[in-house]
Each structure stands twice: as C-alpha cells, then as structure tokens.
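Asker:
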Amino acid sequence: MENRGLLFIPDISGFSKFVNEAEIEHSSYIIKDLLEILINANELGLVVSEIEGDAILFYKFGEPADLAAVYRQVEKMFCAFHRYLINYDHRKICQCQACISAVGLSLKVITHYGEFTEYNVKNFSKLIGRDVIVAHQLLKNDIEQHEYWLVTSNMLGDQQPGDYREWMEWNTSARQTEAGEITFHYTQLGQLKNEIPHDPIPRTELKDKVKVFTMSKEFKEEIKKVFYTIVHYEFREHWLEGVVNVKEVSHLIPGVGSLLRGELTNGEELKYYASGFSYHPESRIIFSESDEDNQQITNYIMDKKGPDTTLLTVEYYQKMNVIQEFRFRFGKKKDLEQRYARSLQKLEEFMKEISMPGAF
C-alpha cells in the first residue's frame, strides 16, 4: 500500500472574523458555497480527507505530482473562489455584515509531499502521519499577505519552483514543525484576480413597457427597515396580498439575478427574478423584480424623508400594445390598485412586528 503522496490544503483566510462578526445564517451559506466551489474545481484527482471549517484537506497517493500541474490546480481553485466572491459582491442585495464583508475573504494554498496513511472509524476515513501535522502547521507562518501558494522543499526535491506566470516572484522561508525545520517557497496569487471575468448582470429594460400603475405610501420607519422587509422574500406572505409563499430557486440569499418561485392563493405559480438594485440609504433605495419572461416589472422605490420616515413608491410596468393598455386601464387597474393599497397597509402593520439585525 502506498504511504507517500501529496497533501493539498486550500485555506480561507479571514474565516474566523467573518463567522464571528457576521450573521451566522448568511455566513454559513457563503462558506458552504465556497467550499463546494473548491471541491468542484478539483481536476488533479485529489481526494477529500476532511473539511476543517475554513480549509479542505485534499490528498493524493503516489509520486510527487508535476509542479506545473499542481499550479494549474491552484490557479483554477483560486480563480473559481474569487469569481464567486466578486460576482456575489456585484449582485448582492442583502446588506447584512456577512454579505457586505464576504468579498474580503481570501485564499491560500499549502502543498506538501510526505508520508501518511489512512485509517477508518466506522464510516469515516481520516489521514494520520507526521507530514499531515506538518502541513497543518505550515498554515501558521510569518507570510504577511494572505493570498499565496506555498510549496515545501519536500515537493521540490532538487528542483526550483518555476515561473508559471510572467508576474510570479518566489520567496523562501522556513518554519519549525514536528519534523524539524521545514524550508518552503511561496508566491503571491493576488494578480490572478485582475484576470477574472465578471458575470453579466441582468438589466431592467423599461423602454418597451408601459407604466400602468403607481402608488406611494409614507411609513414611520427608517429606510433600511422598509428595504429589509421588502427584499426578504420569506416575509412576502405576511404582507403582499394573494401570495402564499415565495421561495428562492437559485440561491438562498437575495441577489440580482436570483430566480424566485411564488405560490399564489388562486393556485397559480409565478416565477420571477430580482432584476435591479440601487442602494443609497442616505437618500434612495430602488429594488426591481421582473417576471421570468420579462413582460412585467415592479419597482420598489424608497425615499428617505427623515431618520424614521420613508416614502415607498410602487411602480408597475407591463409590456402591452395600445389595445391591451386600454383594456387594462379600464379593467384590471382598479383591482390592482386596491390590492396594493391593502398590501401596503398590511406591510405597515407587519413592520411593527419585526426587528432588523443590528448590523444590517
């Protein structure tokens, strides 16, 4: 049985502060997504030994892997990790501490070659060996930056690390471990973030639609609380008339582009998505939703009128021709106005029952 191989540990820096200072529900969703992204980016045939909160212990038995191939694996994981965070930051709607600080998380990768073996306890398989301890001890070092790839001398043998990218610069250091002093080389990875493409954000198109309805109501609530209540979909059934529940299909945290599924009291199901967002709580917040076919758009416009006063305006747009517009204005419009008037009254009452997270 082979007992030598590669130990590969991607570690999320800033994890402890992120979890301790942020809302636990949203921080756990984000960390779960990031860990899954790292696992799904595995193209080197690495095996997951265990997930250790903010890090994943991968391993692969056999001869030392080609260092260029290991770098490609490091690059793929690093870019996938930051692509998620960058796009999450651009799309986020929730303003809790977890959601606004997620983009500050960083990633380092420790790679070490050594001796270890597996042992099983019931259905669990774990690694044991001095080099497993060494790899974990290397996570704590004197490197000031938080985004780097560390390669131990055990992996290199008599080689020197290569410049796999033109901007790469290698530094050498050492750390006292269980196995004595371990020499390692490291290079910064932050430059890779400049090469990560941003996913396109859906845009709200009003030019081919008619504004068929608008309604405003003043609330004796601060603007952030009005916004918080409207964008959290789990509250919709408590104030929006005709809605039984709303569930997010694509993600558990509200974001631009999130696909939603609403169950209505008439038995119908409506799919729509969060299509627009502008956040300036000192003056105005705008949140938009569109149906799945982009035929209808609802804008929620919140204007700050005072420390505890907010004017909420609901605008409803629909794609229609002149005849359809005429029929709507003299048919469904009055019913829609009455329904929203009752909904905004219920919203006012519901906001008295809830409290907003302190850091929102």
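Mapped onto my numbering, the consecutive letters of the sequence shown carry residue numbers 29 to 388. All residues carry an ideal CB built from backbone N, CA and C; glycine is no exception. This structure is a prediction, so every number in the text was calculated from the model and none was measured.
DSSP three-state call for Met29: helix, strand or coil?
Answerer: With a pLDDT of 49 at Met29, under the threshold of 50, the modelled position of that residue is not reliable, and the figure given next carries that caveat. Met29 falls in the coil class under three-state DSSP.
Asker: For the alpha helix (DSSP H) that contains Phe144, what are its first and last residues?
Answerer: Unbroken run through Phe144: none, as it is neither H nor E.
Asker: What does a CB cutoff of less than 6 Å around Ser311 pick up in its chain, not counting 5 residues either side in sequence?
Answerer: So the list reads Lys332, once near-sequence residues are dropped.
Asker: Check Lys299 in the structure and name its three-state DSSP category.
Answerer: Looking at Lys299 - three-state DSSP - the assignment turns out to be strand.
Asker: Relative to the C-alpha of Gln125, which candidate in Leu66, Glu53, Tyr112 has its C-alpha closest?
Answerer: The option with the nearest alpha carbon to Gln125 is Glu53.
Asker: Residues in the same chain with beta-carbon distance under 6 Å from Phe356, minus the five sequence neighbours each way, listed in chain order, please.
Answerer: For Phe356, where only same-chain residues beyond five positions count, the Cβ hits under 6 Å are Val240.
Asker: Work out the CA separation of Asn322 and Met29 for me, nearest whole Å.
Answerer: Here Met29 scores only 49 on pLDDT, less than 50, and its place in the model should not be relied on; the value that follows carries that caveat. Between Met29 and Asn322, the C-alpha separation is close to 59 Å.
Asker: Could you tell me which uninterrupted beta strand (DSSP E) segments, each at least 3 residues in length, are contained entirely in the stretch 48-134, listed from first to last along the chain?
Answerer: DSSP runs (the beta strand (DSSP E)) wholly in the stretch 48-134: 75-79, 84-89.
Asker: Are the stretch 174-184 and the stretch 134-145 in contact at 8 Å, needing three or more beta carbon pairs?
Answerer: With a cut-off of 8 Å, the stretch 134-145 and the stretch 174-184 count as touching, because enough Cβ pairs lie within range.
Asker: Closest to Pro189 by CA distance: which of Ala97, Glu320, Leu63 is it?
Answerer: Here the closest residue by C-alpha is Ala97.
Asker: Would you tell me roughly how many angstroms separate the C-alpha atoms of Ile65 and Arg289, rounded to the nearest one?
Answerer: Spanning the two alpha carbons is a distance of roughly 25 Å.
Asker: Identify, in the order they occur along the chain, each residue of the same chain with its Cβ nearer than 6 Å to the Cβ of Phe89, setting aside the five sequence neighbours on each side.
Answerer: Within the same chain, Phe89 has close Cβ partners Glu30, Gly33.
Asker: Use the C-beta contact count for Arg264: other C-beta atoms within 10 angstroms, 16 or more gives buried, fewer gives exposed.
Answerer: Result: buried.
Asker: Measure how close the beta-carbons of Gly218 and Glu172 come, nearest whole angstrom, since I'm counting them as under 8 Å.
Answerer: Incorrect: roughly 12 Å between the Cβ atoms, too far for contact.
Asker: Out of Val271, Phe109, Phe144, state which residue places its alpha-carbon closest to the alpha-carbon of Ala83.
Answerer: Measuring from the Cα of Ala83, the nearest candidate turns out to be Phe109.
Asker: Look at the alpha carbon of Leu135 and the alpha carbon of Tyr112, and state the distance between them as a whole number of angstroms.
Answerer: One C-alpha to the other measures close to 12 Å.
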